[in-house]
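Presented below is the structure to which this report refers.
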Amino acid sequence: MYRETEIIKSPGTDLDSEGDLVINIGPQHPATHGVLHLVITMNGETIKKVEPHLGYIHRSIEKMCESLSYRQFIYVTSRMDYLSSHINNHGCALCVEKGLQVEIPPRAKVIRVLMDELTRLASHQLWWGAMGMDVGALTPFFHAFREREMINDIMEETCGARLTMNYMVPGGVMADLHPNFQSAVKKFIAHFKTKIDEYDELVTDNMIFQNRTQGVGVISKEDVISYGMTGPSARGSGVQCDIRKLYPYEIYQSLQFDEILETGGDCFSRYMVRMKEMRQSLSIIEQLIDNIPEGDFQAKTKAVLKLPKGEFYSRVETARGEFGVYIVSEGGLTPYRIKFRSPGFSNLSALDHMARGSKLGDLVAIMGTLDLVIPDIDR
Amino acid sequence: MSATVNKKSAKDVKNIKEVVRADVVSATVNKKIENRESKIKNLQVPSLEHIADSIHTWLYVTCSPALALIIEFALVALCVIGLFSMLGLVLILMERKVSAWMQVRLGPNRVGPGGMFQTVADTMKLIFKEGMTPDGADKFLFNLAPFIVMIVAMVVLAPLMFARNFQIWDINIGVLFVAAVSSISVIGILMAGWASNNKYSLLGAMRSGAQIVSYELSAGLAILSIVVLSGSLQISEIIEAQQTGWWIFKGHIPVFISFVIFLIAVTAETNRAPFDLAEAESELTAGFHTEYSGMKFALFFLAEYVNVFIVCAIGATLFLGGWMPLHIGNWSGFNTVMDYIPSSLWFLGKTFFLIFLIMWFRWTFPRLRIDQLLNLEWKYLLPISMVNLLLITLMAILGWHF
Numbered sequence: 001m002y003r004e005t006e007i008i009k010s011p012g013t014d015l016d017s018e019g020d021l022v023i024n025i026g027p028q029h030p031a032t033h034g035v036l037h038l039v040i041t042m043n044g045e046t047i048k049k050v051e052p053h054l055g056y057i058h059r060s061i062e063k064m065c066e067s068l069s070y071r072q073f074i075y076v077t078s079r080m081d082y083l084s085s086h087i088n089n090h091g092c093a094l095c096v097e098k099g100l101q102v103e104i105p106p107r108a109k110v111i112r113v114l115m116d117e118l119t120r121l122a123s124h125q126l127w128w129g130a131m132g133m134d135v136g137a138l139t140p141f142f143h144a145f146r147e148r149e150m151i152n153d154i155m156e157e158t159c160g161a162r163l164t165m166n167y168m169v170p171g172g173v174m175a176d177l178h179p180n181f182q183s184a185v186k187k188f189i190a191h192f193k194t195k196i197d198e199y200d201e202l203v204t205d206n207m208i209f210q211n212r213t214q215g216v217g218v219i220s221k222e223d224v225i226s227y228g229m230t231g232p233s234a235r236g237s238g239v240q241c242d243i244r245k246l247y248p249y250e251i252y253q254s255l256q257f258d259e260i261l262e263t264g265g266d267c268f269s270r271y272m273v274r275m276k277e278m279r280q281s282l283s284i285i286e287q288l289i290d291n292i293p294e295g296d297f298q299a300k301t302k303a304v305l306k307l308p309k310g311e312f313y314s315r316v317e318t319a320r321g322e323f324g325v326y327i328v329s330e331g332g333l334t335p336y337r338i339k340f341r342s343p344g345f346s347n348l349s350a351l352d353h354m355a356r357g358s359k360l361g362d363l364v365a366i367m368g369t370l371d372l373v374i375p376d377i378d379r
Numbered sequence: 001m002s003a004t005v006n007k008k009s010a011k012d013v014k015n016i017k018e019v020v021r022a023d024v025v026s027a028t029v030n031k032k033i034e035n036r037e038s039k040i041k042n043l044q045v046p047s048l049e050h051i052a053d054s055i056h057t058w059l060y061v062t063c064s065p066a067l068a069l070i071i072e073f074a075l076v077a078l079c080v081i082g083l084f085s086m087l088g089l090v091l092i093l094m095e096r097k098v099s100a101w102m103q104v105r106l107g108p109n110r111v112g113p114g115g116m117f118q119t120v121a122d123t124m125k126l127i128f129k130e131g132m133t134p135d136g137a138d139k140f141l142f143n144l145a146p147f148i149v150m151i152v153a154m155v156v157l158a159p160l161m162f163a164r165n166f167q168i169w170d171i172n173i174g175v176l177f178v179a180a181v182s183s184i185s186v187i188g189i190l191m192a193g194w195a196s197n198n199k200y201s202l203l204g205a206m207r208s209g210a211q212i213v214s215y216e217l218s219a220g221l222a223i224l225s226i227v228v229l230s231g232s233l234q235i236s237e238i239i240e241a242q243q244t245g246w247w248i249f250k251g252h253i254p255v256f257i258s259f260v261i262f263l264i265a266v267t268a269e270t271n272r273a274p275f276d277l278a279e280a281e282s283e284l285t286a287g288f289h290t291e292y293s294g295m296k297f298a299l300f301f302l303a304e305y306v307n308v309f310i311v312c313a314i315g316a317t318l319f320l321g322g323w324m325p326l327h328i329g330n331w332s333g334f335n336t337v338m339d340y341i342p343s344s345l346w347f348l349g350k351t352f353f354l355i356f357l358i359m360w361f362r363w364t365f366p367r368l369r370i371d372q373l374l375n376l377e378w379k380y381l382l383p384i385s386m387v388n389l390l391l392i393t394l395m396a397i398l399g400w401h402f
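Listed below in structure tokens is the structure:
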């Protein structure tokens, strides 16, 4: 009740008119995929204002990292964007390696990229299923999980875990690839290549789905930049922001892949970016799977890591956008201050802009195409 | 001379005897055939029609007419309640199995053989659950709403013809009765949404109201097209008119169009995906029955499935000939084989085929948005069905149908 009155009376808005309906979507709601709380002011079915309330799953990860060593803090980041935990770990490992000035062996680089792309695929598969659920189709979810299960099995064999893998360490990866890795990945590629066409048949080509997403939640290129959106959500409006292309890390500069850009800026464009990115990730994995160089999987590092005094920043492209790690070191065993730049927070901030004037059903579709992971927003 | 006459007469007598014998033989053969036919007829006796008739005559022979009538009322009520619960159990299990089949899952398979008693277990759980009423709710309306929805679903069962000459009430305005009574259920849904004192429920109820009121038009026009062709509102006569072939085959393309419109409209009327905006899980959590729990929720749930059965049964009656078996022109062999299948099986088979279609929609289509839903009805389906009705009327007047 407190929140409702506060919002209606907040200055600068014309929301205090009669007949407005204030609805709390969340913190427990099927559409928010987590504990996101949206306070929506509506007139009938038309949305006038969306106000996200955060903090329900805030664990002060950044503060926790200040008391953890440079080896330990990486694993906490698996719990932020749990769907691209590999890539989060990768970003942190890159930042620590930048500070230590360690050159990692080529085998480790290839393994890291392979794992990143597999994670991206798994994340996009889950997003595809959840997106279908958001617009009311329940079947895609199960079809997506069938394929995601194969990736999880591959991860389980090599990394020992299925969701929070904790596989990246400063200097390389924690363990060598499982002997079955190559054959399992090849089997997955062959399987998924037929299934992704099925995805298109089931959802992309569906008239109802296209009507639900085309022209909905439009955001212009300029607005994308000013809101700081990144990742597939920004590329749907034609903004070049793929870190793998702009600031290539590991071996991305030597790989053949396209940065997917769509110009519509609506939900369907964002949807198509992710669908095409899945095919790009497949081609990256195909390029690498037969060319994993022999050698060490981990560079030799000291048992206790100490970063020199200074500030270090590294960024990677997660499944949701740009993930930045900023470490301030005083030269001690633990970081003095850590800041994570997570993609979900900026993407969520544009939700109000996109959703105003559209219907309640559109809001759910917009949230679906933003691909929000709430622990990533709240940290 | 006399000898010859005698001989002749003897010959005649012999001939006559032979003729008589032949007659006797043929008579016995005929008798045997008749016996066999009557035996075959006797074999067909345990049909629903005969059971109902024999109970009816027995009751009127043994009791006074008033008592017999009251007993019949009670029997019918028991049968309807039994059918209601059976339909709920069977259809929910069917939905779960169909959805599992489409979603590469197994579905319920633990309770009973093949998961057959899963819905029974779920119902038991719902019966024992507390039916809570929220503090701010309008208690009377809140508790009344599920019963209205369920009673409507029960009453609509009355004119349905489940088998040859087997129905509760052959009212002469059967189709009109169904259309009129089924529209009352929207009052129950609106009542539930309003009385819950929950914004989600209210939104769901308002959506449902707009949706059902609009789609009733298309459904009504589609039903009307068959009424025009059959020349009667009575369900039994509509089925009788399909003796020579189902309307979907006899009525050329216009009847097929109205069949498709009917299917779309009733999917919307029963609030099922892709038109499940009233409960829209990802938007309104559970729509108009968000606040309901326990058996009150189960009544909504049950009514939804019984409504699906009813609209599919009406679709089967109007377009697919109800209990009429499939006959193809002059293929007498094929036709007699088809006649041997009991009429109740024909009716249930057609109905469950349509139910499967509606379940298929639900598990493959995304949901429409509210404005798209209303656009579809008012801008596309309604004009099409109006023109279609004109075409069918023309067809019926000129006798172009088969």
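Protein sequence lines correspond, in order, to chains A and G.
The first sequence maps to residues 1 to 379 in my numbering.
The second sequence maps to residues 1 to 402 in my numbering.
By construction, the Cβ of each residue, glycine as well, lies at the ideal position given by its N, Cα and C atoms.
Quiz item: Does any CB atom of chain A fall closer than 7 Å to the CB of Ile384 of chain G?
Solution: Within the second sequence, residue 384 of chain G is the residue found at index 384, counting from 1. Chain A, which has no Cβ nearer than 7 Å to the Cβ of Ile384 of chain G, makes this no.
Quiz item: Residues of chain G with a CB under 7 Å from the CB of His29 of chain A: which are they?
Solution: Translated into positions along the first sequence, residue 29 of chain A becomes position 29. Within 7 Å Cβ-Cβ: Thr285.
Practice problem: Rounded to whole angstroms, what's the CA-CA distance from Ala241 of chain G to Ser344 of chain G? Just pull it up for me. | Solution: Indexing the second sequence from 1 puts residue 241 of chain G at position 241. Indexing the second sequence from 1 puts residue 344 of chain G at position 344. When rounded, the distance between both Cα atoms is 18 Å.
Practice problem: In the DSSP assignment, find the unbroken beta strand (DSSP E) run with Asp20 of chain A in it and report its ends. | Solution: Within the first sequence, numbered from 1, the residue matching residue 20 of chain A stands at position 20. From DSSP, the beta strand (DSSP E) with Asp20 of chain A extends over Asp20 to Ile25.
Exercise. Spatial neighbours of Leu38 of chain A within its chain, please: CB distance less than 6 Å, with the 5 preceding and 5 following residues excluded, ordered by chain position.
Key: Counting from one through the first sequence, the residue named residue 38 of chain A turns up at place 38. So the list reads Ile25, Gly26, Val50 and Pro52, once near-sequence residues are dropped.
Quiz item: At which residue ranges does the segment 93-129 of chain G contain complete alpha helix (DSSP H) runs of 4 or more residues, listed in the order of the chain?
Solution: 118-128
Self-check item: Close Cβ partners of Ala316 of chain G (< 7 Å) along its chain, the five nearest in sequence each way excluded
Solution: As a position in the second sequence, residue 316 of chain G is number 316, starting the count at 1. Cβ within range, chain order: Gly322, Phe347, Lys350, Thr351 and Leu354.
Quiz item: Straight-line CA distance for Met150 of chain G to Phe166 of chain G?
Solution: Taking the second sequence and counting its residues from 1, the one referred to as residue 150 of chain G is at position 150. Taking the second sequence and counting its residues from 1, the one referred to as residue 166 of chain G is at position 166. C-alpha separation (whole angstroms): 23 Å.
Quiz prompt | Gly295 of chain A, buried or exposed, once every other Cβ within 10 Å from all chains shown has been counted against 16 | solution = As a working note, residue 295 of chain A is residue 295 in the first sequence. Gly295 of chain A should be labelled exposed.
Exercise. Starting from the beta carbon of Lys199 of chain G, find every residue of chain A whose beta carbon is closer than 7 Å, and list them in chain order.
Key: Position 199 of the second sequence holds residue 199 of chain G. Those within 7 Å of Lys199 of chain G in chain A are Leu21 and Ile23.
Quiz item: To the nearest angstrom, how far is it from the Cα of Ile392 of chain G to the Cα of Gly44 of chain A?
Solution: The residue labelled residue 392 of chain G in the question sits at position 392 within the second sequence. The residue labelled residue 44 of chain A in the question sits at position 44 within the first sequence. So the alpha carbons of these two residues sit roughly 40 Å apart.
Exercise. Answer yes or no: does any C-beta atom of chain G fall closer than 7 Å to that of Lys186 of chain A?
Key: Within the first sequence, residue 186 of chain A is the residue found at index 186, counting from 1. Chain G contact via Cβ: absent.
Quiz item: What span of residues does the alpha helix (DSSP H) with Asn143 of chain G cover, start to end?
Solution: The count along the second sequence starts at 1 and reaches residue 143 of chain G at position 143. Taken as a continuous stretch (DSSP letters only), the alpha helix (DSSP H) holding Asn143 of chain G covers Lys139 to Val156.
Quiz item: Do Glu147 of chain A and Lys195 of chain A have their CB atoms nearer than 7 Å?
Solution: In the first sequence, the residue the question calls residue 147 of chain A occupies position 147. In the first sequence, the residue the question calls residue 195 of chain A occupies position 195. Yes, these two residues count as a Cβ contact at 7 Å.
Self-check item: Cβ pair count under 8 Å reaching 3, the segment 331-342 of chain G against the segment 360-368 of chain G
Solution: no
Quiz item: Would you say Gln372 of chain G faces chain A, with C-beta separation under 7 Å as the test?
Solution: Translated into the one-based positions of the second sequence, residue 372 of chain G becomes position 372. Answer yes: the Cβ-Cβ gap between Gln372 of chain G and chain A drops below 7 Å somewhere.
Quiz item: Hey, would you say Phe278 of chain G sits closer than 7 Å to Ser196 of chain G, going by beta carbons?
Solution: Translated into positions along the second sequence, residue 278 of chain G becomes position 278. Translated into positions along the second sequence, residue 196 of chain G becomes position 196. The amino acid at residue 278 of chain G is misidentified as Phe; the sequence shows Ala. The answer is no: Cβ separation not under 7 Å.
Quiz item: Using a C-beta to C-beta distance shorter than 8 Å, which residues of chain G count as neighbours of Arg212 of chain A?
Solution: Working through the first sequence from its first residue, we reach residue 212 of chain A at position 212. Under the 8 Å cutoff, chain G gives Pro366, Arg367, Leu368, Arg369 and Gln372.
Self-check item: With 16 other Cβ atoms within 10 Å as the buried cut-off, status of Phe147 of chain G
Solution: As a working mapping, residue 147 of chain G is identified with position 147 in the second sequence. Per the 10 Å Cβ criterion, exposed.
Exercise. Report the partner residues of Phe323 of chain A according to the DSSP bridge assignment.
Key: Within the first sequence, the letter at position 323 stands for residue 323 of chain A. A:Val316.
Quiz item: Can you give the Cα-Cα distance for Leu176 of chain G and Leu138 of chain A, rounded to whole angstroms?
Solution: Position 176 of the second sequence, counting from 1, holds the residue named residue 176 of chain G. Position 138 of the first sequence, counting from 1, holds the residue named residue 138 of chain A. C-alpha separation (whole angstroms): 36 Å.
Quiz item: Is DSSP giving Glu294 of chain A helix, strand or coil here?
Solution: Working through the first sequence from its first residue, we reach residue 294 of chain A at position 294. Of the three classes helix, strand and coil, the one that applies to Glu294 of chain A here is coil, per DSSP.
Quiz item: Helix or strand or just coil, what does DSSP make of Pro105 of chain A?
Solution: The residue labelled residue 105 of chain A in the question sits at position 105 within the first sequence. Of the three classes helix, strand and coil, the one that applies to Pro105 of chain A here is coil, per DSSP.
Practice problem: State the start and end residues of the unbroken beta strand (DSSP E) segment that holds His53 of chain A. | Solution: Here the question's residue 53 of chain A lines up with position 53 in the first sequence. Looking at the DSSP string, the run of the beta strand (DSSP E) that includes His53 of chain A is Thr46 to His53.
Quiz item: Beta-carbon of Ala137 of chain A versus every beta-carbon of chain G: anything under 7 Å?
Solution: One-based indexing of the first sequence puts residue 137 of chain A at position 137. It does; some Cβ of chain G falls within 7 Å.
Practice problem: Check distances from the C-beta atoms of the segment 110-134 of chain A to those of chain G and list, in chain order, the residues that come in under 8 Å. | Solution: Gly132, Met133 and Asp134
Quiz prompt | Close Cβ partners of Val76 of chain G (< 6 Å) along its chain, the five nearest in sequence each way excluded | solution = Reading the second sequence from its first residue, position 76 is the one you call residue 76 of chain G. Here the set comprises Ile168.
Practice problem: May I ask you to list the residues that DSSP assigns as paired with Ala163 of chain G? | Solution: For this step, residue 163 of chain G is matched to residue 163 along the second sequence. DSSP lists G:Phe166 as partners of Ala163 of chain G.
Quiz item: What alpha helix (DSSP H) runs, 4 residues minimum, are completely inside the segment 64-133 of chain A?
Solution: 73-76 and 85-100
Quiz item: Using 8 Å as the Cβ pair cut-off and three pairs as the minimum, do the segment 335-343 of chain A and the segment 309-326 of chain A touch?
Solution: yes
Quiz item: Quick one, are the C-beta atoms of Leu229 of chain G and Leu389 of chain G less than 7 Å apart?
Solution: Translated into the one-based positions of the second sequence, residue 229 of chain G becomes position 229. Translated into the one-based positions of the second sequence, residue 389 of chain G becomes position 389. Cβ distance not < 7 Å, so Leu229 of chain G and Leu389 of chain G don't count as in contact.
Quiz item: Going by alpha carbons, who is nearest to Thr301 of chain A out of A:Gly171, A:Glu330 and A:Arg379?
Solution: Residue 301 of chain A sits at position 301 when you count from the first residue of the first sequence. The shortest C-alpha separation from Thr301 of chain A is found at A:Gly171.
Quiz prompt | Cβ of Ser282 of chain G within 7 Å of any chain A Cβ | solution = The count along the second sequence starts at 1 and reaches residue 282 of chain G at position 282. Yes, Ser282 of chain G lies at the interface with chain A (some Cβ there is under 7 Å from its Cβ).
Quiz item: Are the C-beta of Arg146 of chain A and some C-beta of chain G separated by less than 7 Å?
Solution: Your numbering for residue 146 of chain A matches position 146 in the first sequence. Yes, Arg146 of chain A lies at the interface with chain G (some Cβ there is under 7 Å from its Cβ).
Quiz item: Hey, does Pro134 of chain G have any beta-carbon neighbour from chain B nearer than 7 Å?
Solution: In summary, chain B is missing from the structure at hand, where the protein chains are A and G.
Practice problem: Look up Val328 of chain A in the DSSP assignment and give the residues it is bridged to. | Solution: Counting from one through the first sequence, the residue named residue 328 of chain A turns up at place 328. BP columns for Val328 of chain A point to A:Glu311 and A:Arg337.
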